[in-house]
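K.L.:
Residue numbers for the sequence shown follow the working numbering, so the first one is 916 and each next one is one higher. For glycine and all other residues, C-beta sits at the position ideal for the given N, C-alpha and C. One structure, as structure tokens, below. Some questions next.
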Amino acid sequence: VSPAVYNVGLAVNLPVNAYLDVGAAYSYGWLSRSISAHTNTLGATATGYFSFAGMKPFLSAGLGEQWVHTQFGSSDFGVWGVGTGVEIPSKVFTVTPSISYTDDLQRSTLSSQQFTFGVELSRWVTKTTSAYAGVSYSDISHINYDAWNYSVGLRVKF
């Protein structure tokens, strides 16, 4: 776990029909090391899925805006992403492996192109609340490091 990079967020997902969900998300991230920086990201997503042999393959796409503030200045730009994966239920957990690609709308030499490979475990703890934990690896272009990402959270159904 990095002692320098943190991110928190909130997302809302609404089913449109049996095969499509739409969502909105906000996240705040910050870096606290030798360089001070923080980001605000606001986005919208659409996820299509279907049931197949007890599993749920999905494909998602998103578009948003990101505001970056550092000790050297500020910028804002559009961001976009696509992803795919499959929910695989078992008696105890649902396992969800996934792959995604995200980028921004800056020139290629400045952009934050990255592929992320991850897996999440989730379990309904009540009829309306699910707990999850995940791990992913992000292969980030144009910088000298990649990232391991860890997540935990709750999903609440209203």
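(1) Going by the beta-carbon positions, is the gap between T962 and S975 smaller than 8 Å?
(2) Output needed for S989: all residues of its chain with C-beta closer than 8 Å, excluding positions within five of it in sequence on either side, in chain order.
(3) Give the single residue among Y934, V1040 and S1015 whose Cα lies nearest to the Cα of F967.
(4) Hey, could you find the ends of the beta strand (DSSP E) A961 is sitting in?
(5) Can you tell me the Cα-Cα spacing of Y1047 and G996, whole angstroms?
(6) Would you check if the distance between the CB atom of S1037 and the CB atom of S1045 is smaller than 8 Å?
(7) Just reading off the beta strand (DSSP E) that T1017 is part of, what are its end residues?
(8) Taking the alpha-carbon positions, what's the T1024 to A919 distance?
(9) Round the Cβ separation of F1030 and Y1016 to the nearest angstrom and send it over; I've been treating them as touching at under 8 Å.
(10) What residue range does the beta strand (DSSP E) around H984 cover?
(11) Could you spell out the range, first to last residue, of the beta strand (DSSP E) harbouring D991?
(12) According to DSSP, is V1067 helix, strand or coil?
(13) With DSSP as the reference, please indicate the residues paired to T1031 in a beta bridge.
P.N.:
Taking the structure as given:
(1) The residue labelled residue 962 in the question sits at position 47 within the sequence shown. The residue labelled residue 975 in the question sits at position 60 within the sequence shown. Result yes, Cβ atoms of T962 and S975 sit closer than 8 Å.
(2) Position 74 of the sequence shown, counted from the first residue, corresponds to residue 989. So the list reads W982 and V983, once near-sequence residues are dropped.
(3) Working through the sequence shown from its first residue, we reach residue 967 at position 52. Nearest C-alpha to F967: Y934.
(4) Here residue 961 is taken as the residue at index 46 of the sequence shown, counted from 1. Looking at the DSSP string, the run of the beta strand (DSSP E) that includes A961 is S951 to Y964.
(5) Here the question's residue 1047 lines up with position 132 in the sequence shown. Here the question's residue 996 lines up with position 81 in the sequence shown. Roughly 22 Å separates the two Cα atoms.
(6) Along the sequence shown, one-based indexing puts residue 1037 at 122. Along the sequence shown, one-based indexing puts residue 1045 at 130. Closer than 8 Å, so yes.
(7) Numbered from its first residue, the sequence shown carries residue 1017 at position 102. The continuous beta strand (DSSP E) containing T1017 extends over residues T1009 to D1019.
(8) Position 109 of the sequence shown holds residue 1024. Position 4 of the sequence shown holds residue 919. Put simply, the backbone Cα of T1024 is about 25 Å away from that of A919.
(9) Reading the sequence shown from its first residue, position 115 is the one you call residue 1030. Reading the sequence shown from its first residue, position 101 is the one you call residue 1016. Contact check for F1030 and Y1016: beta-carbon distance about 5 Å, within the 8 Å limit, so the pair qualifies.
(10) Working through the sequence shown from its first residue, we reach residue 984 at position 69. First-last of the beta strand (DSSP E) with H984: K971 to T985.
(11) As a position in the sequence shown, residue 991 is number 76, starting the count at 1. Counting along the chain, the beta strand (DSSP E) containing D991 begins and ends at G988 to P1004.
(12) Working through the sequence shown from its first residue, we reach residue 1067 at position 152. Of the three classes helix, strand and coil, the one that applies to V1067 here is strand, per DSSP.
(13) Within the sequence shown, residue 1031 is the residue found at index 116, counting from 1. In the DSSP assignment, T1031 is bridged to S1015 and S1053.
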